[in-house]
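Visitor: Let me begin by handing over the structure; questions about it come next.
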Amino acid sequence: MSEPPQAPAAGLDPLTDLAAARVLILNASYEPLHVCSVKRAVNLLMHDVVERVEDSSRVLRTPSTLFPVPSVVRLRRYVRRPHRQRVAFNRRNVFRRDEQRCQYCGSRSHDLTLDHVVPRSRGGPTSWENVVACCRGCNARKRDRTPEEARMQLLRRPVAPAFLFTAAYGIVPDVDPRWEKYLPSKR
1 MSEPPQAPAA GLDPLTDLAA ARVLILNASY EPLHVCSVKR AVNLLMHDVV
51 ERVEDSSRVL RTPSTLFPVP SVVRLRRYVR RPHRQRVAFN RRNVFRRDEQ
101 RCQYCGSRSH DLTLDHVVPR SRGGPTSWEN VVACCRGCNA RKRDRTPEEA
151 RMQLLRRPVA PAFLFTAAYG IVPDVDPRWE KYLPSKR
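Written as structure tokens, this is what we have:
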């Protein structure tokens with residue numbers, strides 16, 4: 001006799017907690033479209049709208065069967081999308097793009113500021129390509145100068161993000177490792 005499934009403990013991460021788990025939905029062309037809940041993905045599978053691409057290590061149990069929980073599904077029919085939406089330029093998304101890390105010293109912090117690589121006083125725009133996350137110490141050291149003038153070096157050149165996960169539940173912070181081969185590279 002098999003043991004009854006146990007309820008997930010509170011505070012588990014999305015990769016182990018089935019209630020918090022998410023599924024990547026790909027277009028018929030394998031282009032990432034959306035992230036949805038496991039419940040929604042299973043519903044789409046049952047109605048033959050999507051097909052399995054990759055399964056997670058979890059299973060759903062019914063009285064008569066075991067059902068592998070999908071990690072990646074693909075639509076059976078191609079869905080035309082309007083022109084690719086740009087990721088909104090705002091403080092939170094800049095910090096997310098830069099992984100909550102100062103782009104000069106590399107320290108991780110939740111007390112970051114925004115820095116214009118080319119200062120606004122010198123005509124630098126407020127854009128993805130000119131704004132980076134910066135700790136308060138580096139921002140004070142750089143002041144109203146370019147990185148070269150301040151003898152500071154950027155860890156990475158700032159660019160607009162190519163893709164950001166959104167779902168009905170907001171931004172998905174943790175990406176399942178199984179999804180990486182279907183996603184555009186970060187930089």
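If you're matching positions, the sequence shown starts at 1 in the working numbering and goes up one per residue. For each residue, glycine too, the CB sits at the ideal point set by N, CA and C.
1) Give me whichever residues DSSP pairs with Glu51 in a beta bridge.
2) Going by CA-CA distance only, name the one from Trp179, Leu75, Asp98, Cys134 that's closest to Ala160.
3) Taking the CB atoms as reference points, tell me whether Ala133 and Leu155 lie closer together than 8 Å.
4) Report the rounded CA-to-CA distance for Asp144 versus Asp48, giving the unit in angstroms.
5) Are Tyr182 and Tyr30 close, meaning C-beta to C-beta below 8 Å?
6) With respect to the alpha helix (DSSP H) encompassing Ala140, which residues constitute its N-terminal and C-terminal limits?
7) Would His116 pass as a contact of Val131 if the rule is Cβ separation under 8 Å?
8) Thinking just about the alpha-carbon of each residue, which of Phe95, Gly137, Ile25 is nearest to the one in Glu51?
9) Quick check on the burial criterion: 16 or more other C-beta atoms within 10 angstroms. Buried or exposed for Ser71?
10) Quick check on this structure: which residue in Arg58, Met46, Asp176, Thr126 has the alpha carbon closest to the alpha carbon of Asn90?
11) Are there 16 or more other CB atoms within 10 angstroms of the CB of Pro158, so buried, or fewer, so exposed?
12) Could you tell me which residues DSSP pairs with Cys36 in its beta bridges?
13) Between which residues of its own chain and Leu66 is the CB-CB distance below 8 Å, once the five residues before and five after are set aside?
Guide: With the structure as the only source:
1) Answer by DSSP bridge pairing, in chain order: Arg74.
2) Minimum Cα distance to Ala160 is reached at Asp98.
3) Not in contact: Ala133 and Leu155 (Cβ atoms no closer than 8 Å).
4) Distance between the alpha carbons of Asp144 and Asp48 is about 58 Å.
5) Between Tyr182 and Tyr30, the C-beta spacing is below 8 Å.
6) Per DSSP, Ala140 belongs to the alpha helix (DSSP H) from 136-142.
7) Their beta carbons are under 8 Å apart, which means His116 touches Val131 by this criterion.
8) Considering only alpha carbons, the answer is Ile25.
9) Classification for Ser71: buried.
10) The shortest C-alpha to C-alpha distance from Asn90 to any of Arg58, Met46, Asp176, Thr126 is the one to Thr126.
11) Label assigned to Pro158: buried.
12) According to DSSP, Cys36 bridges with Val23.
13) When the five nearest sequence neighbours on each side are left out, the beta carbons in the same chain lying within less than 8 Å of the beta carbon of Leu66 are those of Val59, Leu60, in order along the chain.
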